Amino acid sequence: MEKIFDGKVALITGGSFGIGRAAAVAFAKKGASVVVADLIEDGEQATLKEITAAGGNAIFVQCDVSKAADVTAMIDRTFNTYGRLDFAFNNAGIEGISAATQECTRENWEKVLAVNLTGVWLCMKHELPHMLRQGKGAIVNCASVAGLIGFPNLPAYVASKHAVIGLTKTAALENAQSGIRINTVCPGVIRTAMIDRITGKDKAVEQRFTDMEPMGRFGEPEEVAEAVVWLCSDAASFITGHALTVDGGWLAS
Ligand code: NAD
Numbered sequence: 000m001e002k003i004f005d006g007k008v009a010l011i012t013g014g015s016f017g018i019g020r021a022a023a024v025a026f027a028k029k030g031a032s033v034v035v036a037d038l039i040e041d042g043e044q045a046t047l048k049e050i051t052a053a054g055g056n057a058i059f060v061q062c063d064v065s066k067a068a069d070v071t072a073m074i075d076r077t078f079n080t081y082g083r084l085d086f087a088f089n090n091a092g093i094e095g096i097s098a099a100t101q102e103c104t105r106e107n108w109e110k111v112l113a114v115n116l117t118g119v120w121l122c123m124k125h126e127l128p129h130m131l132r133q134g135k136g137a138i139v140n141c142a143s144v145a146g147l148i149g150f151p152n153l154p155a156y157v158a159s160k161h162a163v164i165g166l167t168k169t170a171a172l173e174n175a176q177s178g179i180r181i182n183t184v185c186p187g188v189i190r191t192a193m194i195d196r197i198t199g200k201d202k203a204v205e206q207r208f209t210d211m212e213p214m215g216r217f218g219e220p221e222e223v224a225e226a227v228v229w230l231c232s233d234a235a236s237f238i239t240g241h242a243l244t245v246d247g248g249w250l251a252s
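For reference, each letter of the sequence shown is one residue, going 0 to 252 in numbering that gives the first Met the number 0.
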């Protein structure tokens with residue numbers, strides 16, 4: 000595999016599981032040193048094990064992206080360890096509790112917005128100054144197809160993901176001439192613990208989700224990871240402020 004990211008450093012939030020874990024491994028396989036940040040240190044440190052087994056280099060940083068002090072500590076640790084930051088995948092997110100808009104509690108609303116939206120803003124706030132000093136960088140924020148269309152019974156999640164796309168466009172415009180590109184990925188239904196929680200692993204519900212996907216299957220975390228790696232690579236050098244769907248054609252229907 001071509002090590003196009005040799006000597007580069009990638010920071011992945013929500014890197015212990017799911018899409019974040021797949022992205023951390025994908026960046027490492029391309030030669031990047033990886034900072035895996037997550038609320039939960041995976042019991043067996045599976046992400047780090049997978050990266051080192053593939054000959055890569057990574058550290059784990061415990062971080063709640065909704066807390067400013069945790070985010071600054073995460074960035075400090077990145078610099079103290081690797082001395083630079085080239086790529087950030089601001090991926091950590093939660094779905095919250097399923098309930099219609101009028102049933103959504105204030106607690107659920109604030110928690111989902113704090114992680115999915117404030118967390119992405121805090122990460123960019125502290126990533127951008129370092130990238131600006133370097134004069135180059137690429138950020139990908141994780142939105143969702145739920146950032147482009149409504150989704151009943153997930154009002155806070157849908158609002159947060161729409162907002163992430165708007166925030167990304169704004170930051171992309173601010174940095175269009177600074178050498179830093181900022182995009183979002185918008186996954187469809189991807190086989191992770193988040194989808195298992197939403198479907199309750201109920202076969203009938205899983206089938207309804209499968210039926211929404213024109214390709215007739217769930218996406219895999221690795222398929223989103225490949226899109227993130229590409230958006231960060233120089234192959235995407237004229238792409239910024241874009242919301243890239245990785246959804247098996249869902250939004251084309
Ligand atoms: P997941 O639940 O498997 O992984 C989410 C990761 O984020 C976990 O490792 C979790 O510990 C971490 N995390 C949660 N809260 C955190 C916090 N406050 N600070 C730091 N880390 C935190 O879910 P996933 O499916 O891999 O989701 C990753 C991203 O993809 C999310 O932003 C999600 O909204 C988005 N997404 C997922 C799907 C899907 O179908 N799975 C679809 C569209 C968008």
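The beta-carbon is built from N, C-alpha and C at its ideal position, and this holds for glycine as well.
Quick caveat: nothing in here was measured; it's all calculated off a predicted structure.
When C-alpha distances from residue 212 are compared across 103, 109, 236 and 144, the shortest belongs to 144. Counted as a single uninterrupted DSSP element, the beta strand (DSSP E) harbouring residue 12 occupies residues 8-12. For residue 186, the uninterrupted beta strand (DSSP E) segment begins and ends at 179-186. DSSP lists 37 as the bridge partner or partners of residue 61. Rounded to the nearest whole angstrom, the CA to CA distance from residue 152 to residue 54 is 43 angstroms.
Beyond the five residues adjoining it in sequence on each side, residue 5 comes within less than 7 angstroms, by CB distance, of 30 in the same chain, given in chain order. When the five nearest sequence neighbours on each side are left out, the beta carbons in the same chain lying within less than 6 angstroms of the beta carbon of residue 221 are those of 21, in order along the chain.
Judged by pairs of C-beta atoms under 8 angstroms, the region 11-26 touches the region 34-43, as three or more such pairs exist. Within the region 49-127, the complete alpha helix (DSSP H) segments of 4 residues or longer fall at 67-81 and 105-112, listed in chain order. The ligand NAD never approaches residue 157 closely enough for any of its heavy atoms to be under 7 angstroms from the residue's Cβ. In the assembly as shown, residue 123 is a buried residue. Its beta-carbon has 16 or more other beta-carbons within 10 Å.
Around residue 207, the same chain offers no residue with a beta carbon nearer than 7 angstroms, after the five sequence neighbours per side are excluded. Beta-bridge partners assigned by DSSP to residue 138: 87 and 181.
Taking all protein chains shown into account, residue 78 has fewer than 16 neighbouring C-beta atoms within 10 Å of its C-beta and is therefore exposed. The alpha-carbon of residue 241 is positioned some 14 angstroms away from that of residue 162.
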